[in-house]
Amino acid sequence: MVPLMERIANQLCDRVARSINVRTLFSYQPSEIIEKCTEAKDMLERWKQAYYDVRAEIEQSGRDSRWEFDNKRLFRLTDHMAIICNDFIAIAKELEQFYNIFTPELKSVTGKPHKINEILDRVHKVLELIEHAPCDPFRIEDLDKWKMVSANYGQQIEEIDEQTKSFISESFKSLR
Numbered sequence: 009m010v011p012l013m014e015r016i017a018n019q020l021c022d023r024v025a026r027s028i029n030v031r032t033l034f035s036y037q038p039s040e041i042i043e044k045c046t047e048a049k050d051m052l053e054r055w056k057q058a059y060y061d062v063r064a065e066i067e068q069s070g071r072d073s074r075w076e077f078d079n080k081r082l083f084r085l086t087d088h089m090a091i092i093c094n095d096f097i098a099i100a101k102e103l104e105q106f107y108n109i110f111t112p113e114l115k116s117v118t119g120k121p122h123k124i125n126e127i128l129d130r131v132h133k134v135l136e137l138i139e140h141a142p143c144d145p146f147r148i149e150d151l152d153k154w155k156m157v158s159a160n161y162g163q164q165i166e167e168i169d170e171q172t173k174s175f176i177s178e179s180f181k182s183l184r
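Quick look at the structure:
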């Protein structure tokens, strides 16, 4: 039974890896990224929940006293991939926030469209860290590399956030 369950888990992981190409993912609109990654994450989590639901049902029926397999073998990769999908969702939400802030209206109100474009260019450059990462985030073996890429991304986004706050503050001061 374990080999069958492992094949199911592997098929689900392969499907997610095929549908979410890290190299092209951030060329989509943030809402599309969120939708695609949420669907993948939910599917991976439903697999685990289905296992536990069936296990509870079998154990309650009394057919088998204990229906349990090696959780690490069954869920290590699916859990990892669900976490990575969640990382991508968080990145897409941050991207969406930048797009919501830096609208054409803000460009016209501030009179500094070049400054806004400069900040958005920095955001897109940071996304290149993810797109051209020296690792495959979905591979557990690359987890340490992914953590480094993710930390670098986070640090640069914090710097862009500070630049954004400063720009908005300066812009509203000059409007008064």
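In the working numbering, the protein residues as written are 9 to 184. Glycine is no exception: its CB is placed at the ideal position from the N, C-alpha and C atoms.
What does a CB cutoff of less than 8 Å around residue i pick up in its chain, not counting 5 residues either side in sequence?
i, result
"Val-24", "Ala-48, Met-51, Leu-52, Met-89, Cys-93, Phe-146"
"Asp-150", "Cys-143, Asp-144"
"Leu-20", "Met-51, Leu-52, Trp-55, Thr-86"
"Lys-153", "Ala-141, Pro-142, Cys-143"
"Arg-74", "Glu-67"
"Pro-121", "Lys-115"
Can you tell me whether residue i is helix, strand or coil according to DSSP?
i, result
"Ile-28", "coil"
"Phe-175", "helix"
"Gly-119", "coil"
"His-140", "coil"
"Trp-75", "coil"
"Phe-106", "helix"
"Phe-96", "helix"
"Phe-180", "helix"
"Thr-86", "helix"
"Tyr-36", "coil"
"Arg-15", "helix"
"Met-9", "coil"
"Pro-112", "helix"
"Arg-147", "coil"
"Gly-70", "coil"
CB residue i to CB residue j, shorter than 8 Å?
i, j, result
"Val-131", "Tyr-161", "no"
"Ala-159", "Thr-86", "no"
"Ile-109", "Thr-46", "no"
"Ser-179", "Thr-111", "no"
"Leu-82", "Met-13", "yes"
"Arg-84", "Ile-148", "yes"
"Gln-171", "Ile-138", "no"
"Lys-115", "Phe-175", "no"
For residue i, I'd like the list of residues in its chain whose CB is within less than 6 Å of its CB, leaving aside the five on either flank, ordered along the chain.
i, result
"Ala-141", "Val-157"
"Leu-103", "Pro-38"
Suppose the cutoff is 7 Å on Cβ atoms and the five residues either side in sequence are ignored; what does the same chain contact list for residue i look like?
i, result
"Tyr-107", "Pro-38"
"Ile-165", "Glu-102, Val-134"
Does the region 26–35 come close enough to the region 64–79 that 3 or more CB-CB pairs lie under 8 Å?
-> no
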